[in-house]
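Let me begin by presenting the structure, written as structure tokens, before commenting on it.
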Amino acid sequence: MEKKKIGISDFGFRTQLGWEKSLEIVKKSGFDTIDFNLESYTLSDSIYGGSDDAFESHFTAIKEKAKELELEIVQTHGRCSTYVPNNEGHNQWVRDISEKDLRATAILGSPTCVIHSINCSAWGKINPEVLHAESKKMYDDLIPFAEKNKVNISLETFGAALMRGLRFCDLFSYPSEILRQYESMDTTYKTICLDSGHTHEVESFWVPPVQDMIRALGDKITVTHLHDNMGVRDDHLMPGMGNINWPEVFSAFEEVGYKGSYNFELRTNFWGSMMEEGLKFMGKYLRRFVDGHGKV
Amino acid sequence: MLGWEKSLELCKKYGFDTVDFNLECYNLDDEIYGGSEDAFVSHFSAIKEKARELELEIAQTHGRCIGSHPTDEKHNAWLRRVSEKDLYATSILGAPSCVIHGASCNLWGRRTPSELIDGCHRMYRDFIPAAEKYKVNIALETFGLTQIRGEKLCDIITYPEEMKKQHDMLDTKYKTLCFDTGHTHHAGDYWVKSVAETAKLFGKDLTLTHLHDNTGTRDDHLIPGMGNINWCELFDAFDEIGYKGSYNFEISLYYWGSFIEDALDFLGRYLRRFVDGHGKV
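Top line first, the protein sequences correspond to chains U and P.
At position 253 of the first sequence (counting the first as 1) the number is 253 in the numbering used here, and the numbers step up by one without a gap.
To get the numbering used here, take the position in the second sequence, counting from 1, and add 296.
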């Protein structure tokens, strides 16, 4: 039986460790892949805001280091803040920065960049048809950059939205709406990222459990953000610390023939000065958890 | 999962100085609590000896989590009998205190505060003879949220002022307070004081702890740092009141499964640095 790949999102520790040490420790901790977060770059910094050569050279260096370590950059994370209503300045920024994110993803040799769709926290509880139209408009604007760089735009399964303190369920948390959104994208450069924590935190809104979400989205899922919670908040806990039914989740992945990395998007910032030990501990635990089909 | 002997060995091996020995796994119909007094004494003496040999202090025990019932006298009689055994076991183990949960809204429902305060007081008062006989403190534990038919509500003894009164009302010197940080923190939306303010209010009456974290919504028993308790403030408060007890962590461990030994190894190192770092690593 083929060994399952395990990976980790670097959003909680790369800023602290720097990208080079970050890659080294991830590899040393037993991970096969990494989810490289691009949200730390902005249009005014020296990389995204500098020359093309500097941009190319920066991401090529990261790619080379990962290659040397035999660590696969299996996905990147683009923007969480995407189109909002009535703010063309912000939306232009989303286009400009996402173009850079997709270019960086291509240089890194990664096939996919996760870009959040528009969300109800910004758009409110409006007509679902309008949300679909606005979401399509945004992705239509980004598709040329994806095609130029031959990189997939990945939709991500959503969870709870907050509006004036009121918690409700985002439209793009329901599998039928995610599939409709996916089908509306006129490109082959598209995929879906299953975020287990998002799905689980809105089960009380009749969103199916994570395992059924996987079955509903099937082979369109090629990347993951795996983490746990208690069904109330998006806590990004280690799997097993919440109440997701992980053995069922692993069975569903097998049923749909999932071949991607089991990429974990966990909170790590609290390890502080014990980050290296914390990542090693997590790597060892997650390897056993994945090999144990969701159990240790 | 591990058995008491291996449990004690692992706690010591991974750098813990003290252990909080849970008694809830014993019941009146098992061979220890339900058997002869000789068997009972021999069982807990063996545990005490093992801890002594390891130089591991049994700093506290945990008695029953279920408190008294407003009308079910059969339940209350059972509670008195089993708590007497818990206090006796605590004494044999050489631990100074046994944590016993108070009367909670989960059995009492929505009552007036005075009914709840009185009910809770009567429950603890009934335990005093056993506590005095065995020279062991009854530890009152700070509560959090309760659910009645799916509806969340805040227990009266979640408010530290009420807990302190409850403690002061008990007419014995064999009493103390156990501060459960997770309980207090997840009830923050109900105007319960912050963990640091609670520790300050308890002052010198606070001798025991159940330290764990959460995000303010559920009693998740997370590793400190994983939730949003302000630990640095709490450690300042502990210093301010001259807290001398053990920093005892009550973290969920069941999910580590076969990984438990690796987890204790890592947690032992993490918690040592966390405590030495005054709530930071």
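Cβ atoms here follow ideal geometry from the backbone N, Cα and C, with glycine treated the same way.
| Item | Value |
| --- | --- |
| Three or more C-beta pairs below 8 angstroms linking the stretch 300-309 of chain P and the stretch 73-83 of chain U | no |
| Segment contact flag, the stretch 158-177 of chain U with the stretch 107-126 of chain U, C-beta cutoff 8 angstroms, min 3 pairs | yes |
| Alpha-carbon to alpha-carbon, leucine 279 of chain U and arginine 418 of chain P | 50 angstroms |
| Own chain, CB closer than 6 angstroms to serine 29 of chain U, minus 5 neighbours either side, in chain order | Leu279, Lys280 and Gly283 |
| Candidates U:Tyr189, U:Glu248, U:Asn243 and U:Met241: closest to lysine 220 of chain U by CA position | U:Tyr189 |
| Contacts around alanine 483 of chain P, its chain only, beta-carbon distance under 7 angstroms, and the 5 residues preceding and following it disregarded | Gly440, Leu441, Cys450 and Thr454 |
| Outcome for glutamine 443 of chain P when other beta-carbon atoms lying within 10 angstroms are tallied against a minimum of 16 | exposed |
| Below-8 angstroms beta-carbon distance, valine 488 of chain P vs any chain U residue | no |
| Sequence-distant residues of its chain with Cβ nearer than 8 angstroms to lysine 431 of chain P (five each side left out) | Ser387 and Tyr470 |
| Helix, strand or coil at glycine 415 of chain P according to DSSP, with G and I counted as helix | helix |
| Cβ pair leucine 383 of chain P, leucine 436 of chain P closer than 8 angstroms | no |
| Within 8 angstroms, strictly: CB atoms of serine 184 of chain U and lysine 136 of chain U | yes |
| Option nearest lysine 67 of chain U by Cα separation, candidates U:Ile34, U:Val114 and U:Ser9 | U:Ile34 |
| Alanine 399 of chain P: first and last residue of the uninterrupted alpha helix (DSSP H) it sits in | Taken as a continuous stretch (DSSP letters only), alanine 399 of chain P belongs to no alpha helix (DSSP H), as it is neither H nor E. |
| Through-space distance from tyrosine 486 of chain P to glutamine 92 of chain U, alpha-carbon basis | 43 angstroms |
| Minimum Cβ-Cβ distance from valine 577 of chain P to chain U less than 8 angstroms | yes |
| Partner residues on chain U for serine 554 of chain P, Cβ-Cβ distance less than 7 angstroms | Val296 |
| Chain-ordered neighbours of arginine 267 of chain U on chain P, where CB pairs are closer than 8 angstroms | Met522 |
| Test item: CB-CB of valine 544 of chain P and alanine 355 of chain P under 8 angstroms | It is asparagine, not valine, that sits at residue 544 of chain P in the sequence shown. Cβ distance < 8 angstroms, so asparagine 544 of chain P and alanine 355 of chain P count as in contact. |
| Within 8 angstroms of chain U by C-beta, residues of the stretch 535-565 of chain P in sequence order | Ser548, Tyr551, Trp552, Gly553, Ser554, Phe555, Asp558, Ala559, Phe562 and Arg565 |
| Beta-bridge pairing of leucine 375 of chain P - partner residues as DSSP gives them | Looking at the DSSP assignment, leucine 375 of chain P forms no beta bridge with any residue, so it has no partner. |
| Below-8 angstroms beta-carbon distance, aspartate 572 of chain P vs any chain U residue | no |
| Inter-stretch contact (C-beta, 8 angstroms, three-pair minimum) for the stretch 45-58 of chain U and the stretch 188-202 of chain U | no |
| Cutoff 8 angstroms; reference isoleucine 424 of chain P; Cβ partners in own chain excluding five residues on either side | Ile434, Leu466, Asp467, Thr468 and Tyr470 |
| For tyrosine 83 of chain U, the three-state DSSP class (helix, strand or coil) | coil |
| Burial state of arginine 377 of chain P (16 or more Cβ within 10 Å) | exposed |
| Per-residue contacts from threonine 386 of chain P into chain C (C-beta, under 7 angstroms) | Here chain C cannot be found, since the structure's protein chains are U and P. |
| Contacts that glycine 240 of chain U makes with chain P (C-beta to C-beta distance below 8 angstroms) | Tyr551, Trp552 and Gly553 |
| Terminal residues of the beta strand (DSSP E) in which glutamate 447 of chain P lies | 447-450 |
| Reduced DSSP secondary structure (H/G/I, E/B, other) of glutamate 353 of chain P | strand |
| Residue of P:Lys308, P:Gly478 and P:Leu412 minimising C-alpha distance to alanine 352 of chain P | One point to set straight first is that residue 352 of chain P is leucine, not alanine, in the sequence displayed. Comparing Cα positions, the closest option is P:Lys308. |
| Chain P contact for phenylalanine 59 of chain U (CB, 8 angstroms cutoff) | no |
| Below-8 angstroms beta-carbon distance, glutamate 277 of chain U vs any chain P residue | yes |
| Host beta strand (DSSP E) of serine 154 of chain U (start-end) | 152-156 |
| Residue-level contact to chain P via CB, serine 110 of chain U, 8 angstroms cutoff | no |
| Close beta carbons around glycine 109 of chain U, own chain, < 7 angstroms, minus the five adjacent residues each side | Lys63 and Ile73 |
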